[in-house]
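Undergrad: Below is a structure I'd like to ask you about.
Chains as they are written, first to last, in the working numbering: chain V, 53 to 258; chain E, 53 to 258.
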């Protein structure tokens with residue numbers, strides 16, 4: 053059994069959305085061996101840092117919170133689709149010839165996984181692509197950008213997917229994973245009454 | 053397939069170690085629907101909040117950091133051992149008649165799972181119990197207290213286990229789980245250069 057780690061490590065110098073300072077996690081060592089017999093760290097971060105999942109509350113007023121997702125949404129059959137050759141956005145036409153099954157966890161691999169710095173022109177999923185995934189009745193979607201859309205003022209892609217109760221996992225790292233079928237596991241941290249949560253995502257080779 | 057969530061939800065009013073104010077997580081809503089088109093939360097917390105894993109750096113100067121644990125440490129065959137009748141500490145003699153196998157993830161269920169407030173007399177694992185688990189060459193240990201030991205100035209239980217490269221998962225919630233064998237899954241969040249990390253832990257009924 054081979055386990056692929058498809059998560060982005062959280063660190064002070066990690067890539068954050070649009071390089072915004074307020075999106076950088078802050079680490080504070082609250083005990084160390086100069087003065088204490090243990091070592092302990094506090095961390096402050098935005099819940100959309102690195103590998104995370106969005107819940108409906110992120111884009112819908114009074115939307116469902118992340119702790120209401122059933123755990124089953126975060127494990128099961130997954131398909132990694134390699135769309136690395138696409139510039140700009142992933143549309144319906146890029147997905148229709150792929151073997152997407154009902155209840156799949158669909159992992160969109162793009163050239164974002166190759167970025168060493170934040171790319172303002174990152175590849176994203178268009179509303180037509182999102183509608184196609186909804187129609188296919190997938191379980192969950194993941195992508196290797198820190199956003200599944202960019203500069204869409206109405207958040208149409210988020211609303212299409214989250215409106216269909218399809219969790220959106222952003223900030224995956226897919227450089228080392230090939231197109232194909234896997235088992236996905238990535239249960240989000242249990243946090244009450246919020247719009248997103250962090251997770252460690254893995255793919256297991258069948 | 054039944055999935056048991058054995059994690060403690062993170063919230064502002066959750067139980068924290070010895071009720072220390074600085075151990076309480078702080079939530080900050082940085083965008084909401086009064087002023088924005090999305091909802092976003094920042095969170096500040098100690099890495100030993102709720103369900104988390106300790107790495108050697110927590111008790112050993114220059115000890116291994118949490119991101120160096122192989123993922124295999126956090127999935128696989130698990131045994132839940134019900135020790136709810138025990139007061140005080142779990143010793144070697146409480147474990148020797150249990151069916152602990154090499155490479156098991158050993159989950160210690162105690163009366164801690166019934167506590168609604170922080171119990172300063174929580175049940176913990178003594179050095180003799182820890183040595184027994186090391187001798188049995190287990191993979192990982194978990195317990196439902198926020199500490200696997202208490203008031204041991206030398207951190208003997210932590211040092212015995214972490215010194216043998218056995219990850220210690222603290223803060224499990226085991227009230228709804230019976231003694232028996234399961235599959236455990238609980239990959240910690242990928243955080244660079246720290247002594248602990250948060251995780252969502254589940255047990256899957258075989």
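Built from N, CA and C at the ideal position, the CB exists for glycine as well.
Determine which residues of the segment 139-157 of chain V have a Cβ less than 8 Å from any Cβ of chain E, and write them out in chain order.
TA: Cβ contacts with chain E: none found.
Undergrad: Check the Cβ-Cβ distances between residue 244 of chain E and every residue of chain V, and say whether any is below 8 Å.
TA: Locating residue 244 of chain E in the second chain gives position 192, where the first residue counts as 1. Chain V, which has a Cβ nearer than 8 Å to the Cβ of residue 244 of chain E, makes this yes.
Undergrad: Kindly indicate the opening and closing residues of the alpha helix (DSSP H) around residue 213 of chain E.
TA: If you number the second chain from 1, residue 213 of chain E lands on position 161. Per DSSP, residue 213 of chain E belongs to the alpha helix (DSSP H) from 208-215.
Undergrad: Can you give me the C-alpha to C-alpha distance between residue 75 of chain E and residue 65 of chain E, rounded to a whole angstrom?
TA: Here residue 75 of chain E is taken as the residue at index 23 of the second chain, counted from 1. Here residue 65 of chain E is taken as the residue at index 13 of the second chain, counted from 1. Roughly 11 Å separates the two Cα atoms.
Undergrad: Answer yes if the segment 231-241 of chain V comes into contact with the segment 214-234 of chain E, meaning at least three C-beta pairs across the two stretches below 8 Å, and no otherwise.
TA: no
Undergrad: Quick check on this structure: which residue in E/151, E/180, E/202 has the alpha carbon closest to the alpha carbon of residue 143 of chain E?
TA: As a first step, residue 143 of chain E must be located in the second chain, where it is residue number 91. Answer by Cα proximity: E/180.
Undergrad: Assuming residue 103 of chain E contacts residue 59 of chain E under a Cβ cut-off of 8 Å, what Cβ separation, rounded to an integer in Å, is found between them?
TA: Numbered from 1 along the second chain, position 51 holds the residue referred to as residue 103 of chain E. Numbered from 1 along the second chain, position 7 holds the residue referred to as residue 59 of chain E. That belief holds up - the Cβ atoms of residue 103 of chain E and residue 59 of chain E are roughly 4 Å apart, short of 8 Å.
Undergrad: Does residue 217 of chain V come within less than 8 Å of chain E when only Cβ atoms are used?
TA: Looking up residue 217 of chain V in the first chain gives position 165. Residue 217 of chain V does not count as touching chain E.
Undergrad: Give the DSSP-derived three-state secondary structure of residue 233 of chain E in the structure shown.
TA: Counted from its first residue, the second chain places residue 233 of chain E at position 181. The answer is strand: DSSP assigns residue 233 of chain E an E or B state.
Undergrad: Around the Cβ of residue 240 of chain V, are there at least 16 other Cβ atoms within 10 angstroms (buried) or fewer (exposed)?
TA: As a first step, residue 240 of chain V must be located in the first chain, where it is residue number 188. Flag for residue 240 of chain V reads buried.
Undergrad: Report back the beta-carbon spacing between residue 63 of chain E and residue 244 of chain V to the nearest angstrom; my notes put them in contact at under 8 Å.
TA: As a first step, residue 63 of chain E must be located in the second chain, where it is residue number 11. As a first step, residue 244 of chain V must be located in the first chain, where it is residue number 192. That pair is a contact at about 4 Å.
Undergrad: Would you say residue 60 of chain E reaches chain V, if we count a Cβ-Cβ gap shorter than 8 Å as a contact?
TA: Taking the second chain and counting its residues from 1, one reaches residue 60 of chain E at position 8. Interface residue, yes.
Undergrad: When burial is assigned at 16 or more other CB atoms within 10 Å of the CB, is residue 178 of chain V buried or exposed?
TA: Within the first chain, numbered from 1, the residue matching residue 178 of chain V stands at position 126. By the 10 Å Cβ count, residue 178 of chain V comes out buried.
Undergrad: When the cut-off is 8 Å and only beta carbons count, does residue 165 of chain E lie next to chain V?
TA: Here residue 165 of chain E corresponds to residue number 113 of the second chain, with the count starting at 1. No, its Cβ sits nowhere closer than 8 Å to a Cβ of chain V.
Undergrad: What did DSSP end up calling residue 192 of chain V once you bin it into helix, strand or coil?
TA: Within the first chain, residue 192 of chain V is the residue found at index 140, counting from 1. DSSP places residue 192 of chain V in strand when its eight states are reduced to three.
Undergrad: Give a yes or no on whether the minimum CB-CB distance between residue 125 of chain E and chain V is below 8 Å.
TA: Against the second chain, residue 125 of chain E aligns to sequence position 73. No, because no Cβ of chain V sits closer than 8 Å to the Cβ of residue 125 of chain E.
Undergrad: For residue 114 of chain E and residue 204 of chain V, I'd like the C-alpha separation in whole angstroms.
TA: Here the question's residue 114 of chain E lines up with position 62 in the second chain. Here the question's residue 204 of chain V lines up with position 152 in the first chain. Approximately 47 Å, taken between the alpha carbons.
Undergrad: Taking a Cβ distance cut-off of 7 Å, strictly less, list which residues of the segment 87-104 of chain V are near chain E, in chain order.
TA: 89, 90, 91, 92, 93, 94, 95, 96, 97, 98, 99, 100
Undergrad: Return the residue from the list E/91, E/67, E/165, E/111 that minimises the CA-CA distance to residue 84 of chain V.
TA: Taking the first chain and counting its residues from 1, one reaches residue 84 of chain V at position 32. Out of E/91, E/67, E/165, E/111, E/111 has the C-alpha closest to the C-alpha of residue 84 of chain V.
Undergrad: Nearest chain E C-beta to residue 54 of chain V closer than 8 Å, yes or no?
TA: Counted from its first residue, the first chain places residue 54 of chain V at position 2. No, because no Cβ of chain E sits closer than 8 Å to the Cβ of residue 54 of chain V.
Undergrad: Whose Cβ in chain V lies nearer than 7 Å to the Cβ of residue 229 of chain E?
TA: The residue given as residue 229 of chain E occupies position 177 in the second chain. Near residue 229 of chain E there are no residues of chain V at all, since even the closest Cβ is about 14 Å away, more than 7 Å.
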